[in-house]
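Numbering (the UniProt record's numbering), first residue to last: 1 to 115.
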């Protein structure tokens, strides 16, 4: 009949679609909440990492200063044993590598090095 453009099967499909949309909305809402929660957690972890990195960098600077002083003292003494000379060179290599790492991190973290 022309008065009723929709058959009963079309109306049933629409009703099913309506329920499906509500369920889909609930799923999307849950996914969005999970995504927001995950993003918030990641931001907090990143903030903590950056704050801890500044503290770690300051500790590294203090340790480097101790090594620098030890190497200055070692440079004043003549090393007679070969193992002592090798140790001195290894310590210097470690110190220079650590200074390079510290120099690369310093500008990124906004920390000034105290000489």
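Think of the CB as a built atom: it goes at the ideal place given N, C-alpha and C, for glycine as much as any other residue. Keep in mind that this is a model prediction, so the values were computed, not measured.
Checklist entry - Can at least three beta-carbon pairs, one atom from the segment 93-108 and one from the segment 49-62, be found at a separation below 8 angstroms? => result Output reads yes: the segment 49-62 touches the segment 93-108.
Item to check | Close-in-space but distant-in-sequence residues of the same chain around residue 95 (CB under 8 angstroms, 5 per side omitted) | outcome: Taking the first residue of the chain shown as position 1, residue 95 is located at position 95. Counting only Cβ-Cβ distances below 8 angstroms, and skipping sequence neighbours, we find 64, 67, 68 and 71.
Checklist entry - Cα separation between residue 40 and residue 53? => result The sequence position of residue 40 within the chain shown is 40, counting from 1. The sequence position of residue 53 within the chain shown is 53, counting from 1. Distance between the alpha carbons of residue 40 and residue 53: 20 angstroms.
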